[in-house]
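Single-structure report; data block below.
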Amino acid sequence: MNTEKEIMRKRNRKAVLILLLSSLFTIMFLSSIQAGTFDDLKTLNATNEENCCDEVNSNPITEQPKLGNNPNGEKLFKANCSACHIPWTEATGPALKGARDRWIENSSEENFYKFIKNSQKVIDSGDPYANKLYNKYQKTRMNSQNLSNEDIDDIFEYIEG
Ligand code: HEC
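Residue 104 in the numbering used here sits at position 104 of the sequence shown, and the numbers go up by one each step.
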């Protein structure tokens, strides 16, 4: 009898201890979550505020590379090229800044004009640079552009800035 009682008492004590400990952990766990979310919210708001208005004000469009002042070139670029090209970065086609120099270096200036007017012709002629470009851009063909060399010069004056 005595030992049975003792065992029961020990069991009860254990149960109470476990209950106490687990509720303590639950309380600690819950309060840590709340503290965490609150802190997160505070920093989130702070960074949002910092980013929001400072960036809007200090990051105006003038951060983009300067483009040239050539109204005819700008008009032609926007009407015929801007669907696929951004002057300073890749889009469907490559960035166009420096393109004339790349052609002079890797092929010829003559082919630069030819490629813009009819890229397929230059690709079919076996020009290595034209084929490299064509393959790099997932064989997207640039459509032919009905432009004179002077128009192309105007467009690139606008692009090069
Ligand atoms: C329908 C999309 C599209 C349009 C519109 C377009 N291009 Fe392209 N362009 C490309 C693609 C794609 C390439 C990559 C070569 C290829 O795949 O044939 C390219 C390549 C070029 C290149 C060679 C770039 C280099 O790094 O050597 C030049 C130069 C070029 N385009 C100029 C122009 C100009 C100028 C216009 C407007 C008059 C124009 N493109 C309009 C899609 C286009």
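Note that CB positions come from ideal geometry on N, CA and C, so glycine has one too. Quick caveat: nothing in here was measured; it's all calculated off a predicted structure.
Unbroken alpha helix (DSSP H) run spanning residue i, endpoints
{"i": "Tyr158", "result": "149–160"}
{"i": "Ile123", "result": "119–124"}
{"i": "Tyr134", "result": "128–136"}
{"i": "Lys75", "result": "71–80"}
{"i": "Asn162", "result": "As shown, the chain starts at 1 and ends at 161. That puts residue 162 outside it, with no answer to give."}
Bridge partners - residue i, DSSP secondary structure assignment
{"i": "Thr92", "result": "Thr92 pairs with nothing; no bridge assigned."}
{"i": "Ile86", "result": "Thr89"}
C-beta neighbour in chain D for residue i, strict 8 Å
{"i": "Ile18", "result": "No chain D is part of this structure, which consists of one protein chain only."}
Proximal residues to residue i (C-beta, below 8 Å), its chain only, five neighbours per side dropped
{"i": "Tyr113", "result": "Asn149, Ile152"}
{"i": "Trp103", "result": "Glu109, Asn111, Phe112, Phe115, Tyr129"}
{"i": "Lys42", "result": "Unreliable placement is indicated for Lys42, whose pLDDT of 45 sits below 50; the coordinate value is still reported in the next sentence. Excluding positions up to five away in sequence, the list is empty."}
Contact check, residue i vs residue j, beta carbons under 8 Å
{"i": "Glu157", "j": "Gly73", "result": "yes"}
{"i": "Tyr129", "j": "Ser107", "result": "yes"}
{"i": "Leu76", "j": "Lys117", "result": "no"}
{"i": "Ser162", "j": "Met142", "result": "An answer regarding residue 162 cannot be provided, because it is not within the stretch 1 to 161 covered by the chain."}
{"i": "Glu78", "j": "Pro87", "result": "Here residue 78 turns out to be Lys, not Glu, going by the sequence shown. Cβ distance not < 8 Å, so Lys78 and Pro87 don't count as in contact."}
Close beta carbons around residue i, own chain, < 7 Å, minus the five adjacent residues each side
{"i": "Asn80", "result": "Gln145"}
{"i": "Ala91", "result": "Cys84, His85"}
Own chain, CB closer than 6 Å to residue i, minus 5 neighbours either side, in chain order
{"i": "Gly70", "result": "Looking at the sequence provided, one finds Asn at residue 70 rather than Gly. Asp154, Glu157, Tyr158."}
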